[in-house]
Structures are given as structure tokens and as C-alpha cells.
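> Okay, here's the structure, questions in a sec.
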Amino acid sequence: MDIKSFTNNLQKYADYYNPNALFEKIKNVARKAGVKLVYIVLLLYYSTLDKELPVKDRLKVIAALGYFILPLDLIPDALPGGFADDTAALIFVLKQVWNNLTPATKQKAHDRLLEWFGEISENELHIPGL
């Protein structure tokens with residue numbers, strides 16, 4: 000994932016964002032993508048529902064989620080390592096907005112993850128640098 004290209008095209012990727020499409024994508028790829036990637040997506044999704052999230056952060060989050068939804072991106076998801084570019088964009092944005100995520104946002108993401116995956120160790124959710 001070319002981060003410069005991503006940041007230069009935030010609006011383009013944001014245009015792909017749709018909550019229904021996001022949850023459909025998660026449903027289709029959750030097992031292959033893994034717990035950690037789904038957790039990151041949920042953290043970002045729930046942050047969009049937080050009215051306190053600054054507008055500039057909201058655009059970045061929506062763009063990252065839009066990139067995740069894109070049917071064809073830099074590395075097609077069906078290929079081995081196909082989520083590497085999605086993960087790079089999502090983590091890049093998550094690191095930028097992390098300090099603006101409320102405990103409630105983090106809890107909602109964690110609760111939904113438990114609902115879908117069952118018991119999860121904290122180690123499985125560790126995101127380097129956060």
C-alpha cells in the first residue's frame with residue numbers, strides 16, 4: 000500500500016464506504032482476514048458513529064473502510080497476502096485516530112468481536128505501535 004497515494008485519494012476511497020457493504024465484506028472474509036483485521040475494521044467502524052470524532056479523522060476512517068470494501072485494490076483479497084494492502088491502510092489510519100477513540104468505541108468493537116469469534120486472547124488483538 001502506497002500511503003502517499005492513499006492519503007492523496009481519501010475522497011475517492013471514502014466514496015466506496017457504505018456500512019451495509021462493510022458488514023457484507025466482513026461476513027465474506029472474516030475467517031480468511033482473521034480476528035485482528037476484523038477488530039481493526041470494527042474499531043474504525045464504531046469510531047464513525049462517535050459524534051466527538053473530529054471531521055478530519057472521520058474522513059480518514061471512512062476512506063480506509065472504503066478501501067477495505069473496494070472489490071479490486073492493489074492486492075486482490077483472494078490472493079495469498081491479499082489483505083496486506085488493506086491492513087496497511089487500516090492500521091495507518093487507526094494509528095492516526097487512536098487517541099480520539101473513546102473507551103465506549105473500543106468496547107463496542109470488542110463486544111462485537113466476541114459475539115462473532117467467541118473468546119479471544121488479548122494477544123490476538125495486539126496491534127503493534129498502539
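Take the sequence shown: its letter number 7 is residue 6 in numbering that gives the first Met the number 0, and every next letter is one higher. Backbone N, C-alpha and C fix where the C-beta goes; we use that ideal spot for every residue, glycine too.
So for Glu118, helix, strand or coil by DSSP?
Three-state result, Glu118: coil.
> Jot down the residue ranges of each uninterrupted alpha helix (DSSP H) in the stretch 34 to 98, minimum 4 residues, whole runs only, in chain order.
Counting only runs of 4 or more, we get 34 to 47, 54 to 68, 83 to 96.
> Does the distance from the C-beta atom of Gln135 to that of Asp56 stay below 8 Å?
Since the first residue shown for the chain is 0 and the last is 129, residue 135 is missing from the structure and cannot be characterised.
> For Leu129, count neighbouring Cβ atoms within 10 angstroms of its own Cβ and tell me buried if that reaches 16, exposed if not.
It counts as exposed.
> Given a threshold of 16 other Cβ atoms within 10 Å of its Cβ, counted over all protein chains shown, does Ile2 qualify as buried or as exposed?
Burial call: exposed.
> Give me, in chain order, the residues of the same chain whose beta-carbon lies closer than 6 Å to that of Tyr16; leave out the 5 immediate sequence neighbours on both sides.
Contacts found: Ile61, Leu64, Gly65.
> Based on Cα-Cα distance, which residue from Val28, Leu42, Ala32 lies nearest to Asn99?
Per the Cα distances, Leu42.
> For His125, which three-state DSSP category applies?
His125 falls in the coil class under three-state DSSP.
> Between the Cα of Ala13 and the Cα atoms of Lys35, Val54, Glu114, which residue gives the shortest distance?
It is Val54 whose Cα lies nearest to the Cα of Ala13.
> So, at 7 Å on beta carbons, what are the nonlocal neighbours of Ser46 in its own chain, with the 5 sequence-adjacent residues on each side left out?
Only Leu52, Val60, Val96, Leu100, Thr104 meet the Cβ criterion.
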